[in-house]
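Colleague:
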Amino acid sequence: MANDKQPRNSAAKRTTKAKTRVPTTDEPVSTAVATIATERNAIIEGNARLLFTGIQLAGPDLTPENFRAGIFAAPLPKLDATHLRETVSFGDHGLWPKGSDYGGADDYAIVWWNPDASGQDETGAKGKGLYETVQGGRRFLIGTMGTAPLGLFAKPGSVAYFDDGSTGCDVCLPVPDALRWTGPTYPAPNLGG
């Protein structure tokens, strides 16, 4: 129980736009109302992925120590040939010169601000002005950038984000194969009444 004057969940109540309805025990799950997506989903997805990965890797005895051990023992993600996928790991995988990595992000991208570009931001709001990533979105591990010119401020060759053409972005590229989902697909749940 909170001992301060403001209940702990009051901020969440003020900022949550979507209402999640949980079916009762006598109501089939298939008739539950679908949860409404919000513009925050893209921003919080990485943290949720890390949380659930850590819970899974901790095993049946979920403790902070087992959570950490699981995250640190997770193998490095496979690097794609185009270097477009981010590399995230924890622990000592030989990427950082001083041992264990507690930050997660193992690579970086070089970006620049294009005030004339138009498209969507990470919340889906359309507007003018976007960050663009050089070399078509390429990411660099430490020590792999080299000394060749990167193409900073070069409009051909830079990309704000990849999309299917539906966002109205004038500095976007089609989604490359390296970023497409290649895993299994599952049927959508029956949300009808």
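In case it helps, this note's numbering puts the sequence shown at residues 104 to 296. We put the beta carbon where it would ideally sit given N, CA and C, even for glycine. Being a predicted model, the structure only gives us computed values, none of them experimental.
Given V237, which residues of its chain have a CB within under 8 Å of its CB, disregarding the five upstream and five downstream residues?
Modeller: Result list for V237: A212, I213, V214, W215, L253, G254, L255, A257, G260 and S261, in chain order.
Colleague: Taking all protein chains shown into account, do 16 or more other C-beta atoms lie within 10 angstroms of the C-beta of G149, making it buried, or fewer, making it exposed?
Modeller: It counts as exposed.
Colleague: How about the segment 270–289 and the segment 221–239: do they share at least three Cβ pairs that are nearer than 8 Å?
Modeller: A contact exists between the segment 270–289 and the segment 221–239.
Colleague: Can you tell me whether L165 is buried or exposed? The criterion is at least 16 other CB atoms within 10 Å of its CB, across all chains shown.
Modeller: Exposed: under 16 other Cβ atoms inside 10 Å.
Colleague: So F265 and L282 are supposed to be a Cβ contact under 8 Å. How far apart are they, rounded?
Modeller: The pair is a contact, with the Cβ atoms about 6 Å apart (cut-off 8 Å).
Colleague: Please give me, in chain order, every unbroken run of the alpha helix (DSSP H) with length at least 4 that falls completely inside the segment 147–197.
Modeller: You should have 167–176.
Colleague: Pick helix, strand or coil for D266, following the three-state DSSP scheme.
Modeller: Looking at D266 - three-state DSSP - the assignment turns out to be strand.
Colleague: Using only the alpha-carbon positions, how far apart do K231 and C275 sit?
Modeller: Rounded to whole angstroms, K231 to C275 spans 13 Å at the Cα level.
Colleague: Does the CB of G207 have a neighbour CB from chain C at under 8 Å?
Modeller: Among the chains in the structure shown there is no chain C, since it carries only a single protein chain.
Colleague: Name the residue from P279, E189, V278 and D280 whose alpha carbon lies nearest to the alpha carbon of G207.
Modeller: Checked all of P279, E189, V278 and D280; the closest Cα to G207 is E189.
Colleague: Assign R302 to one of two classes, buried (16 or more other C-beta atoms within 10 Å of its C-beta) or exposed (fewer than that).
Modeller: Since the first and last residues shown for the chain are 104 and 296, residue 302 lies out of range.
Colleague: Between the C-alpha atoms of R152 and P218, what's the straight-line distance to the nearest angstrom?
Modeller: If I take the Cα positions, the gap works out to 32 Å.
Colleague: Does DSSP put A208 in a helix, a strand or coil?
Modeller: A208: strand per DSSP, three-state reduction.
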